[in-house]
Amino acid sequence: MHSYFVLAIMFTRFISQRVVYALLAPLPCAVTTSTTIHKAPFLVMGINKWQKPAALNRLLLHTNRSLQLRMSEKDGEKNIGSTWNIPELKKETARLVLRCHKKINKASERLAGANKVVEELRKNPNPTLEQMEACPDMRSMENDLDELKQRLGKLMHLEEQLKSVKSGNSIILPEDIASMALELGVNDSPPKQQERGAKKAKGPKIVEPRKPYFSYYSENNTEIRVGRRSEDNDELSCNPEHGDGPDWWMHAAGCPGSHVVIRCHDNELDREVIKDAAALAARQSKCRGNIIEVNLTRWRDVKKPPGAKPGLVQLVGKVRTVSVNMKEAQSRLERLDGTKK
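Numbering-wise (our numbering), the sequence shown opens with residue 31 and increments by one.
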């Protein structure tokens, strides 16, 4: 009689790995009235042929876990069994602790501001629908703040635990510390910054020519020009580009200071315009005291003597004198400063 053997191979796919079972069952040696069937042993990779199912399950779980660890390491993700750069891990933990402190401060400020809004809304007996809809979500803000405080506590605990870990560039952490670092998303290197796009091409800057004066405006929109420095005073008082003959000119009497030009040709100046220009001339001078005298004349009556120092001029026409009370002029000067250009 001839012996025949049949080899049957069955493939079964598990969730995370493949295990091959081979079933080997010899047929009876001869065809008789009584059929003999031999038990077929399991031949599984890495398992003895009569191993129990419980041991098989444990091996499969271990294999699955090892496979997942290898896959995560390949993808650059940390896991319990990974090695860590301890100095960089400590540095990153300290950075996240500081960042969490800043977030808590900002969240506390937002919550305090929201509390004020809610309190004002409560005091209002008839709030509008828009005010009710704009009311901040206090509960959500409080929850966010609590979560930040909990995260800060965990980060500080991790920072404390890392002090007991020996330094090294490739160290396997204790399981509890590694789990904590993974839970908090702490790595041994700072997160990669996103690459910035190409800078937009900027056009040429339009730079206006520098003017030798600052412009202020009175309530009736009369322009008052005040020289910046000595050389600028000469330009303002002697260059026709910056003044006309009928314009009015002012300067603090008897002491250095800025030249002031009132861009107005009227023979009778508005009294408020005179007070505005006189206050500016008094403030921009080196005169001291509460009462300061200021000269007033036409722009055409201001001459530059040959060889004179910058800012030094001669008045050749009729000159009037205006007194300025500096204490009373403070509010006027504040208004004028709001129009400065």
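C-beta atoms are modelled at their ideal positions from N, C-alpha and C, and glycine is treated no differently.
Check: For Gln-191, name the three-state secondary structure that DSSP assigns.; Outcome: helix
Check: With DSSP as the reference, identify every bridge partner of Thr-158, one or two as the case may be.; Outcome: In the DSSP output, where bridge partners are listed per residue, Thr-158 has none listed.
Check: Between the Cα of Ser-267 and those of Asn-251, Ile-292, Ala-208, Ala-283, spot the shortest distance and give me the residue it belongs to.; Outcome: Ile-292
Check: Scan the segment 232-301 and note each continuous beta strand (DSSP E) run of 3 residues or more that stays entirely inside, going in chain order.; Outcome: 243-247, 253-257, 278-282, 290-292
Check: Does the separation of the CB atoms of Cys-285 and Cys-317 fall below 7 Å?; Outcome: yes
Check: With a Cβ-Cβ cutoff of 7 Å, do Leu-363 and Tyr-246 count as a contact?; Outcome: no
Check: Pick helix, strand or coil for Lys-371, following the three-state DSSP scheme.; Outcome: coil
Check: So, is Pro-220 buried or exposed, given that buried needs 16 or more other C-beta atoms within 10 angstroms?; Outcome: exposed
Check: Only counting the same chain, and skipping five residues up and downstream in sequence, which positions put a Cβ closer than 6 Å to that of Ser-102?; Outcome: Low local confidence applies: a pLDDT of 46 at Ser-102 is under 50, so the model's placement there is unreliable, with the coordinate-based value given in what follows. Contacts found: Asn-109.
Check: Can you find at least 3 beta carbon pairs, one from the segment 148-161 and one from the segment 207-220, that sit closer than 8 Å?; Outcome: no
Check: List the DSSP bridge partners of Lys-333.; Outcome: Gln-344
Check: Taking Thr-369 as the reference, give the member of Val-346, Glu-253, Glu-323, Leu-188 with the closest Cα.; Outcome: Glu-253
Check: Which residue spans inside the segment 175-230 form an unbroken beta strand (DSSP E) run of at least 3?; Outcome: none
Check: Examine the Cβ distances between the segment 259-278 and the segment 335-342 and report whether three or more of them are shorter than 8 Å.; Outcome: yes
Check: Secondary structure at Val-349, three-state DSSP: helix, strand or coil?; Outcome: coil
Check: Closest by CA to Asp-296, which one among Met-280, Arg-328, Asn-269?; Outcome: Arg-328
Check: Start and end of the alpha helix (DSSP H) containing Glu-323?; Outcome: Here Glu-323 belongs to no alpha helix (DSSP H); instead the beta strand (DSSP E) covers 321-328.
Check: Apart from the five residues on each side of it in sequence, which residues of its chain come closer than 8 Å, Cβ to Cβ, to Gly-347?; Outcome: Thr-327, Arg-328, Arg-330, Asp-331
Check: Closest by CA to Asp-206, which one among Arg-350, Lys-184, Val-127?; Outcome: Lys-184
Check: Between the segment 191-200 and the segment 117-135, do at least 3 Cβ pairs fall closer than 8 Å?; Outcome: yes
Check: Are the Cβ atoms of His-272 and His-281 separated by less than 7 Å?; Outcome: no
Check: Tell me whether Ser-112 sits in a helix, a strand or coil according to DSSP, three-state version.; Outcome: coil
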